Amino acid sequence: MSNLLRQIYYVAWGDMMFMRHNFLNILIMSIMSPILYLIAFGFGLRTGTTDIGVSYVSFVIPGIVALSSLNSSFSSTSTRMNVQRLYYRSFDEMMMCPLSLHAIVWGKCMLGLVRGLIACFILYALGLGLGAARIGGMELELTPMFVVCTVLSCIVFSFLGMAAALLAKSHQSMATFNSLIILPMTFLCGTFFSVSALHPVFQTVLYCLPLTYSSELIRSAALPDFLEFDWLCLVGLILWGVAFYAIDYWLLKTRKV
Amino acid sequence: MGDIIVIEDLVKTFDGKTAVDRLNLRIREGELFGFLGPNGAGKTTTVRCVATLTNFDSGTITVDGYDLVKNPREAKERMGVIQQQVSLDKDLTIRENMISHAMYHMMGRAERDEKIRELSDFFGLEEYLDRPVDSLSGGWKKRAAIVCAMLHNPKVLFLDEPTSGLDINARRLLWDVVRRLHAGGTTIVLTTHYIEEAEALCDRVGIIDHGRIIALDTPQRLCESVGSVAVEYMEDARTRYRYFGTREEANAFAAGINTGVDVTIRRTNLEDVFVELTGKSVGGQK
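If you read the protein sequences in the order shown, they are chains A and B. So for the first sequence, the working numbering puts the first residue at 449; every next one is plus one. So for the second sequence, the working numbering puts the first residue at 995; every next one is plus one.
Written as structure tokens, this is what we have:
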């Protein structure tokens, strides 16, 4: 186990150096779009109370946190790996070394995890402060389960980013993946509205996408006084994570990259 | 010295097209072996199979006695690979690239710092260590890539087209580096389509075409196999080549060629061997 952890650290080290060199740039890129969503949807678009009894701004902030975990974790893992694999070819160097494939999958997802967590927690802190100022009190909470669920969400979307980068044949195919999969998820998966308000057919479709589980889960963890913790979504998100991990491992194992 | 790399009946296909076709090859410990062939002959694919970057369809590969499929970790520990395209991470400095490589091979901090210092000194890279990769010229990047590949003391070093795209000075510098590594006892497998490179450096040369080894010997013996003296002359607006075992035979043949035709008598080189065996020039044209 300690050997695996050491290997994960070694794999992640180069990416952490990359992050250190570009910290400000990465930070701004990570939080720019979530903050725009927060301003536009949370403060600009709608006021009033939702059907679960909380203000819309308190409802939407956990959704935007889930969205940030997707955007930041997915894009940082996939972009860096795509560049390393297709342009620098430095990913090949790692594959030629005596590293465990488990360590490579976990190690290469660490950048996405760290970036995702930075973005999510900055956004949540802003959301807590601004939301409290707006509604004159605190509805959202920073619970341990909120932290666990946010970490899980960042890991799951990092694994997805790795799978996308390993399958990509070019930069163009990454852009296509973003347009066809990531962008629709951003707006449809319960980030800005409650999935339960939709027709059952649409609900079924949306529960086929991982961000729906993440949104529902993080929202239930952030609003413990208004919602029961969503254990089913937790299991669902873990299963998505296992599936993406298995795809990453299989792609590396069979050298289909 | 025994065989450090043994490849038996290696087959690799891409979408039904055979890139490596039942290739058999044994490379001896300590030798500088050259893989010579036109573009698309299967050189790089073979190296990628040995380097574990590509799975192969059938056959076996052992490195220093370790089967690549059954004991990939042990085999990888014994190899260093420098790819055709410099594969350093351009977002990091040269030193950070080296540290990364050392970490991938589980080297401790003291050992890796010492090794980086030693190899940087050997290759004259000290002043470039903290520079970004892209601030270096092609030749220096190749040197840095070689240092990365050498950090874990591999027994075998694969150099895939190491001088491709380099200017003449950088190429000669790299040849010196290869000679120094070889003199230090490292087994080197060099793939190239530069004939003069193979002739200048290699103890033995394997000529590969259509994924198969079609000739394997020392450069000198390969030349002797087609005739060690070449006669080059013009006929019907095309350059013709004939090969002879001795200079006397070549002189006698040249004397019979029409006067007024330019005739050159010279030593046979590997390019002649290659064209004789494959019917192609090294660049791949018929």
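Cβ coordinates follow ideal geometry from the N, Cα and C atoms, glycine included. Keep in mind that this is a model prediction, so the values were computed, not measured.
Query: Step through the CB atoms of chain B and report whether any lies within less than 7 Å of the CB of residue 538/A.; Result: yes
Query: Where do the ends of the alpha helix (DSSP H) carrying residue 477/A lie?; Result: 471 to 485
Query: Since residue 1008/B is in the beta strand (DSSP E), which residue starts that stretch and which ends it?; Result: 997 to 1008
Query: Closest by CA to residue 509/A, which one among 621/A, 649/A, 640/A?; Result: 640/A
Query: Taking the continuous alpha helix (DSSP H) assigned at residue 1014/B, which residues delimit it?; Result: Where residue 1014/B is concerned, there is no enclosing alpha helix (DSSP H), although the beta strand (DSSP E) it sits in stretches over 1011 to 1022.
Query: Per DSSP, what kind of secondary structure is residue 1122/B in: helix, strand or coil?; Result: helix
Query: Where are the alpha helix (DSSP H) runs, 4 residues long or more, that stay fully inside the stretch 1066 to 1122 of chain B, in chain order?; Result: 1066 to 1071, 1088 to 1098, 1103 to 1117
Query: Determine the direct distance from the alpha carbon of residue 659/A to that of residue 466/A, and round the result to whole angstroms.; Result: 28 Å
Query: Is residue 637/A close to chain B, meaning its C-beta is less than 7 Å from at least one C-beta of that chain?; Result: no
Query: Pull up the CB-CB distance for residue 597/A and residue 666/A, whole angstroms please, since I reckon it's below 8 Å.; Result: 5 Å
Query: Could you work out which residues of chain A lie near residue 1067/B, taking near to mean beta carbons separated by less than 7 Å?; Result: 546
Query: Using a C-beta to C-beta distance shorter than 7 Å, which residues of chain A count as neighbours of residue 1094/B?; Result: 461, 462
Query: Taking only beta-carbon positions, decide if residue 558/A is within less than 7 Å of chain B.; Result: no
Query: Taking the straight line between their C-alpha atoms, what separation do you get for residue 1102/B and residue 1015/B?; Result: 41 Å
Query: Name, please, each residue of chain B whose Cβ falls closer than 7 Å to the Cβ of residue 471/A.; Result: Under the 7 Å cutoff, chain B gives no residues; its nearest Cβ is about 13 Å from residue 471/A.
Query: List, in chain order, every chain B residue whose beta-carbon is nearer than 9 Å to that of residue 625/A.; Result: Going along chain B, no residue has its Cβ under 9 Å from residue 625/A, so there is no contact; the nearest lies around 22 Å.
Query: Just curious, the beta strand (DSSP E) that residue 586/A is in, first and last residue?; Result: Looking at the DSSP string, residue 586/A is not in any beta strand (DSSP E), and its letter there is neither H nor E.
Query: Counting only beta-carbon atoms, is residue 1084/B nearer than 7 Å to chain A?; Result: yes
Query: Comparing alpha-carbon positions, which option in 1214/B, 1151/B, 1043/B, 1257/B lies nearest residue 1232/B?; Result: 1257/B
Query: Under 7 Å, Cβ to Cβ, is there at least one residue of chain B near residue 485/A?; Result: no
Query: Helix, strand or coil, according to DSSP, for residue 1153/B in the structure here?; Result: strand
Query: Count the C-beta pairs between the stretch 563 to 571 of chain A and the stretch 509 to 526 of chain A that are closer than 8 Å, then say yes if the count reaches three, no if not.; Result: yes
Query: Using three-state DSSP, classify residue 462/A as helix, strand or coil.; Result: helix
Query: Please classify residue 1262/B as buried or exposed, where buried requires at least 16 other C-beta atoms within 10 Å of its C-beta.; Result: buried
Query: Using a Cβ-Cβ cut-off of 8 Å (strictly less than) and excluding sequence neighbours within five positions of residue 1084/B, which residues of its own chain qualify?; Result: 1126, 1127, 1128
Query: Quick check: residue 1099/B and residue 568/A, are their CB atoms within less than 7 Å of each other?; Result: no
Query: How about residue 571/A and residue 528/A: are their beta carbons less than 7 Å apart?; Result: no
Query: Can you round the beta-carbon distance between residue 1182/B and residue 1151/B to whole angstroms, since I take them to be within the 8 Å contact cut?; Result: 5 Å
Query: Taking C-alpha atoms, which residue in 587/A, 642/A, 531/A, 469/A lies nearest to residue 621/A?; Result: 531/A
Query: Note the first and the last residue of the continuous beta strand (DSSP E) segment covering residue 1255/B.; Result: Element bounds for residue 1255/B: n/a, residue is neither H nor E.
Query: Which same chain residues end up closer than 8 Å to residue 1192/B when comparing Cβ atoms and leaving out the 5 residues on each side of it in sequence?; Result: 1028, 1030, 1184, 1186, 1199, 1213, 1264
Query: DSSP state of residue 1265/B, grouped into three classes?; Result: helix
Query: Name, going along the chain, the residues of the stretch 603 to 630 of chain A whose beta-carbon falls closer than 9 Å to a beta-carbon of chain B.; Result: none
Query: List the endpoints of the continuous alpha helix (DSSP H) containing residue 611/A.; Result: 592 to 615
Query: From residue 996/B to residue 608/A, what distance separates their C-alpha atoms?; Result: 46 Å
Query: Going by beta carbon distance, what residues of the same chain come within less than 6 Å of residue 1205/B, once the five residues before and after it are set aside?; Result: 1012, 1013, 1014, 1015, 1036
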